[in-house]
Amino acid sequence: MEAEQKHVTSLYDRLDGMRALAETRLSGALSSTGGTPQARSQRESSVGMYTEQLAQLSAVESGLCFGRLDPESGAPLYIGRIGIFDEEGDYEPLLLDWRAPASRPFYLATAADPLGIRRRRHIRSKGRTVVALDDEVLDLAAAAGSATREGLAGEAALLSAVDANRTGRMRDIVETIQAEQDRIIRADLGGVLVVQGGPGTGKTAVALHRAAYLLYTHRRELSTRAVLVVGPNPTFLRYISHVLPSLAETGVLLWTLGDLFPGVTARGEEPERVAAVKGRLGMVDVLAAAIADRQELPTEPIAVELDREPLTIDRELAATARDRARRSGKVHNQARDVFQEALIDGLVEQAAAIIGTDPYADDPLGGDDAPGDPQLMGAADLADIRAELAADDGVRAALDTLWPRLTPQRLLRDLFSSPERLAAARGESLTLAETAALVRPAGSPWTPADAPLLDEAAEQLGPLPELEAAAKTMAERVRRSELSYAEGALEIARGSASIDVEDEDDPELLLVTDLLDASRLAERQEDGEYLSVAERAARDRKWAFGHVIVDEAQELSPMAWRVLMRRSPSRSMTVVGDIAQTGDPAGAASWSEVFDPYVTDRWKLAELSVNYRTPAEVMALAGEVLARIDPAATPPRSVRSTGQQPVQGSLDDLASVLSGEAAMLGGGRLAVIAPAARVAGLADEVRAALPSLAVAVGDEPDLESPVAVLSARQSKGLEFDAVVVADPDGIETESPRGVNDLYVALTRATQRLTVLK
């Protein structure tokens, strides 16, 4: 213990030195000023780099060094969250990053295959103090009499981590990664890797550690393209948010389905049957039809006046213009210019027919008009008429009616608030009942199922050219304003200088105006905004991520997958989930139905078979529900038993059950999981039964509270020391896949489970 403490202390001394150096460099970068665009860019890059370094070095403070390998020959190797090297010597590793190839025996070595390792030591710390050591001697003779479970590495450390009280935040498993998890974490970057695993197998932890590993091994590629992690809800993302920073990775974007469309945070609620309809691929055709429906023809001729001459936009002219715009192959907003041009062409022809045209007006050999001839116009005259019509308010109003500028938000709001527009767009994709179910008030909040539809609408509509032009105009206006301000400042400086040095003897005295012109002064006043790769990716709908990780992937609808495939054109994805836990009506029934349309048979399946979280007693009860979902399914094998059988009772005993659980809770966490319709009411009962404890409830409950009241969907991916499942029959009957939801609810406990009917 004393020897290991000495080494750990020396590592923390090095960490402090690295942090102090990064702080000094960050301070220097912040204080530097650069007049040229290149200098400013370098400054912003340095500030971003040193800020990220400081965040990483601070995040690995807890559990910096957690392992040691003693090879059969050579010096011991220490394993930790980051790599630390002896920069004063031969750059020998003082601490190996857990992702480095040399660290892999820490997770894979067994007595049967020690991989050249004599002993593996787990070092447990509290703060900077070593509090425990767990040794495994990796030779067959020593292992023969040991109680280590087959296939488990670092059993003592693993069981200590699993048995520890939950805190409301997910812990990393970097100290206790098992062999089957390690193989998935270190799998190749390319292609789609599907990780199927039942409750407690560590799917989420494996996915997050895989993100950290890929960022370590493919830093150059992924640092410029970012990694996206998609989770089922905001509560889940908060629960896992500390894992990657604790692994020294900060450049990852965490999103829910409702965050997929930049600028919109979709958190509204709607009936499951409505979300299921929106999740079907048939909505692609519905949106296309909805856009076509906005490309209208006038029911009555639209009158336009040109120099008091009456012109008309009738149905025939509008149809001709619409056909030309649609044949252009451009998306709606870009085809508007084609429609406008064709419409004005028709109006110019009307004007020419009324006023007259001289076909030889631009011909130098043509003759002059004779007195009394009709008024004749040349090409220049027609161009003037065209420009006048393009600027005419009546023409503009007609254009906005017949071919309006559309944003995805406007298209969907108008569509879902109008039974008539929905009826016109439904085609064969929606039944009459489904069409009626989609209708909602115009001011309704966006829901998670809307986000993929907004993205699809953006694809089919295209950007608004005038918005892009307006952004450029605003940027130029700001630049000119800054330049004008700088010129004024220099003019004041010149005036002040002429007064101050009027009687000076030194004509060579340098002034600010000799060294700096207005353009360079304006550049120095620009506030550069440093954005990380993840921040830039969050703002750009068309960003192509280097890798996409999807957790609880079985819940995503076909429309959601369509969006994610656009975000990952390289099809580099890690997808983790459990088909048996699918609760969303629009979710997956099999992995092949999800991926065959995009990568045919070029996706790989890996399975996690060991349950590290859920006690065997709890899994026995949950296994009965799993058999109802899929009689052929095999529940994951639990590695631990608590000796406590699940308790079954009556909901009338809820108060006494809660009091008993609170007495045993210690510093852990208790969850009451119930049908969504009963959550609010049960929360009042829980507060009354446990007046001294904070109770979290709501759309985004605080999991750091000792007690949480959740629906089965909200509990997905979470874990608690004790769980009370209230009204299991209600959970099962609440949705079409209620039995799957019940299976989720029954498998959230790490210690104790109570079921109250």
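In case it helps, full-length UniProt numbering puts the sequence shown at residues 1 to 757. Even for Gly, the Cβ is constructed at its ideal location relative to N, Cα and C.
| Query | Result |
| --- | --- |
| Return the CA-CA distance between Thr642 and Asp285, expressed in angstroms with no decimal places. | 54 angstroms |
| To which residues of the same chain is Asp182 closer than 8 angstroms at the C-beta, ignoring the five residues directly before and after it? | Arg104, Tyr107, Leu108 |
| For Leu115 and Asp188, I'd like the C-alpha separation in whole angstroms. | 21 angstroms |
| Just tell me which of Leu260, Leu69, Glu4, Gly168 has its CA closest to the CA of Trp543. | Leu260 |
| Which residues mark the beginning and the end of the beta strand (DSSP E) in which Leu670 is found? | 670-674 |
| Touch check for the stretch 327-335 and the stretch 306-314: three-plus C-beta pairs under 8 angstroms? | no |
| Ordered along the chain, which non-local residues of its own chain (more than five positions away) have a Cβ less than 6 angstroms from that of Asp527? | Unreliable positioning characterises Asp527 in this predicted model, as indicated by a pLDDT of 47, which lies under 50. The coordinate reading is nonetheless provided below. Excluding sequence neighbours, Asp527 sits near nothing in its chain. |
| Would the beta-carbon of Ala212 be found less than 6 angstroms away from any heavy atom of the ligand ATP? | The ligand content of the structure shown is nil, which means the ligand ATP is not present either. |
| State buried or exposed for Leu77, treating a residue as buried only when at least 16 other CB atoms are found within 10 Å of its CB. | buried |
| Whose CA, out of Val657, Leu461, Leu412, lies closest to the CA of Pro441? | Leu412 |
| Run the CB neighbour count on Leu515, radius 10 Å, all protein chains shown included, and call it buried at 16 or more, exposed below. | Residue placement at Leu515 cannot be trusted, given a pLDDT of 49 that sits under 50; what the coordinates show is reported in the next sentence. With fewer than 16 Cβ atoms within 10 Å of its Cβ, Leu515 is classed as exposed. |
| I'd like to know whether the C-beta atoms of Arg640 and Phe720 end up nearer to each other than 7 angstroms. | no |
| Excluding the 5 residues flanking Asp551 on each side, which residues of the same chain have their C-beta closer than 6 angstroms to its C-beta? | Thr204, Ala207, Gly231, Val576 |
| Less than 7 angstroms between the beta carbons of Ile629 and Ala745, yes or no? | no |
| Between Arg169 and Pro706, what straight-line distance do the alpha-carbon atoms span, to the nearest angstrom? | 12 angstroms |
| List, from N- to C-terminal side, the alpha helix (DSSP H) runs of 4 residues or more that fit wholly inside the stretch 243-272. | 243-246 |
| Using alpha carbons as the reference points, say which of Ile302, Asp381, Ala379 lies closest to Leu343. | Ile302 |
| Beta-carbon separation of Ala20 and Ser46 under 7 angstroms? | no |
| Along the chain, where does the alpha helix (DSSP H) containing Gly738 start, and where does it finish? | 738-746 |
| Using a Cβ-Cβ cutoff of less than 6 angstroms, which residues in the same chain neighbour Val563 once the five nearest sequence positions on both sides are dropped? | Leu260, Pro452, Asp455 |
| For Met573, does the three-state DSSP call read helix, strand or coil? | strand |
| On the premise that Ile549 lies in contact with Val227, defined as a C-beta separation below 8 angstroms, what is that separation, rounded to the nearest angstrom? | 7 angstroms |
| State buried or exposed for Gly74, treating a residue as buried only when at least 16 other CB atoms are found within 10 Å of its CB. | exposed |
| Spell out the partners DSSP gives Glu136 in its beta bridges. | Arg120 |
| Measuring straight from C-alpha to C-alpha, what distance separates Val599 and Asp392? | 51 angstroms |
| Report the three-state DSSP secondary structure of Lys542 (helix, strand or coil). | coil |
| Within a Cβ cutoff of 7 angstroms, which residues of the same chain sit near Val338, ignoring the five residues on either side of it in sequence? | Arg324, Ala325, Ser328, Lys330 |
| Is Asp368 buried or exposed, if buried means 16 or more other CB atoms sit within 10 Å of its CB? | Unreliable positioning characterises Asp368 in this predicted model, as indicated by a pLDDT of 48, which lies under 50. A coordinate reading is not provided. |
| Grouping DSSP H, G and I as helix and E and B as strand, with all else coil, what is Leu753? | strand |
| In or out: Tyr743 buried (at least 16 other Cβ within 10 Å) or exposed? | buried |
| How is Tyr612 classed by DSSP in three states: helix, strand or coil? | coil |
| Just to confirm before moving on: does the CB-CB distance between Val8 and Val131 stay below 7 angstroms? | no |
| Is the number of C-beta pairs between the stretch 612-632 and the stretch 745-754 that are closer than 8 angstroms three or more? | yes |
| From Pro558 to Gly282, what does the alpha carbon distance come to, in whole angstroms? | 10 angstroms |
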